[in-house]
Every structure is written in C-alpha cells, then in structure tokens.
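Numbering (my numbering), first residue to last: 1484 to 1699.
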C-alpha cells in the first residue's frame, strides 16, 4: 500500500503553487492557534438564543465600528456564565460571525430578507459590503420584497376605501329611513289633530251622536 501511494505521488506530484497556497494557509492560522493554546489570545463564547459560538477576541476587534467589535458588547456579558448572550437569530448569526472571520459578508438565499436586514442592523453591519457573489441576489430579494409590500399597501388601501364607502352608504340609507318614518308619523299626528278639531266644531250641533265612542 505504501509503495502504491508513493508511486502515485511520484507520478502526480503536487503542483508547486498548491504547496505554496497550503503553506500560506497554515502559516496564517497557526500563530493564532498557538497563542490561543497558551492563553495569550483568549477565546470568547457568544451565546445566540441558546446556540453557542466560539471565536478569538481579536477576530471581533478587527471591526471596531460594529457591535461585536466595540465595547458595547460588554452590556451583553453574563458574569455567571462567562459568555455574551444575544437574543437574536442564530442562523443569520453564522453569516455575521463569518464576516468577522473572513472579512466577507454573504447573503444566505434561504433567509428572509427582512430578518437578515434586521440582524445586520442590530450588529451594526451595513449591507453594502455584501460580497459580489451574493449582492445581485440580495438586491433582487430586496426589490421583490419592496414590490410585495407596496402591493399589500395598495390592497389595504382599497379595502379601507371600500369599507368607508359601505359605511357611508349604510349611514345614508339609515338616515333616509329615519326621515321617512318621521314624515309618516307627522302626517298621522296632523290627521288626528284635524279630525279632533272638526269633531269639536260639529259636536254642539249634533248632541245625539255617541261622541264617546267616536272619539275613542
């Protein structure tokens, strides 16, 4: 087996450029790993709604204008658990933390665009720095969401207008009905008054009529 492996590598040796890239990658993170192992570079725990993330403090310090890179994060420090607690979306936070680690902000396509923007705003990260690989997708989702919200507002506006017109129509009909009833009552009242007045005029001339039954 060893002979076969050696033969394969002899036939297909790694390219010099690949060796250089691998060496550069190892050289980049190895000092940090050693420093963390001996306690020179403390690891901090970020508890996001129960899901814990670990990173080096200097990773966050690269961006002092953001929440995690500034002293404002100390307001979220829990002395009992020795960790920072954030009541935020842990799924979106993966993208947030990767930004601190790599310097590149990506937009996960499966995430709600409004929720993603809210999380970025909370941690003080501007969406304009989203990488070229995701920015077009991000803009398309933003445009679709804005159009959907506009359509919803138009629908609500139409529904409110319909309700107001219906209410006004019902009020008009109700007022007309009340007026008709009042007019009918007034007519009957006047009719009764005229009948009583006429009966009083002819009563002295016709005393033999049963006036009590007539008036009742």
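The C-beta atom is built at its ideal place from N, Cα and C for all residues, glycine as well.
| task | Identify the continuous alpha helix (DSSP H) that holds residue 1546 and give its terminal residues. | result | For the purposes of this step, residue 1546 is taken as the residue at position 63 of the chain shown. Residue 1546 -> no alpha helix (DSSP H), and no H or E assigned at all.
Alpha carbon of residue 1567 to alpha carbon of residue 1531, nearest angstrom:
Against the chain shown, residue 1567 aligns to sequence position 84. Against the chain shown, residue 1531 aligns to sequence position 48. Distance between the alpha carbons of residue 1567 and residue 1531: 8 Å.
Is DSSP giving residue 1576 helix, strand or coil here?
Against the chain shown, residue 1576 aligns to sequence position 93. In the structure shown, residue 1576 sits in a helix (DSSP, three-state: H, G or I).
Secondary structure of residue 1592, DSSP reduced to three states:
Stepping through the chain shown from its first residue, residue 1592 is reached at position 109. Coil at residue 1592, not helix or strand.
Nearest residue (CA-CA) to residue 1564, options 1553, 1580, 1551 and 1533 | In the chain shown, counting from the first residue as 1, residue 1564 sits at position 81. Answer by Cα proximity: 1533.
Note to self: Between which residues of its own chain and residue 1535 is the CB-CB distance below 6 Å, once the five residues before and five after are set aside?
What the structure shows: Start at 1 with the first residue of the chain shown, and residue 1535 comes out as number 52. Cβ within range, chain order: 1528.
Would the beta-carbon of residue 1617 fall within 8 Å of that of residue 1583?
-> By one-based count along the chain shown, residue 1617 stands at place 134. By one-based count along the chain shown, residue 1583 stands at place 100. Against a cut-off of 8 Å, the Cβ pair of residue 1583 and residue 1617 comes out as no contact.
Roughly how many whole angstroms lie between the Cα atoms of residue 1628 and residue 1575?
-> For the purposes of this step, residue 1628 is taken as residue 145 along the chain shown, with counting starting at 1. For the purposes of this step, residue 1575 is taken as residue 92 along the chain shown, with counting starting at 1. Between residue 1628 and residue 1575, the C-alpha separation is close to 18 Å.
message: Between which two residues does the beta strand (DSSP E) holding residue 1536 run?
response: Here residue 1536 refers to the residue found at position 53 when the chain shown is read from its first residue. Element bounds for residue 1536: 1534-1539.
* **Assigned secondary structure, residue 1606 (DSSP; H/G/I helix, E/B strand, else coil)** => Residue mapping note: residue 1606 aligns to position 123 of the chain shown, counting from 1. Residue state, collapsed to three classes: coil.
**residue 1448 versus residue 1554 - alpha carbon distance** = Because the chain is modelled from 1484 through 1699, residue 1448 falls outside the range shown and cannot be assessed.
May I have the straight-line CA-CA distance separating residue 1620 from residue 1542, to the nearest angstrom? What you label residue 1620 is simply residue 137 of the chain shown in a count that begins at 1. What you label residue 1542 is simply residue 59 of the chain shown in a count that begins at 1. Distance between the alpha carbons of residue 1620 and residue 1542 is about 27 Å.
Worksheet entry | Where the beta strand (DSSP E) containing residue 1566 begins and where it ends | Taking the first residue of the chain shown as 1, we reach residue 1566 at position 83. 1566-1569 is the span of the beta strand (DSSP E), which, as asked, contains residue 1566.
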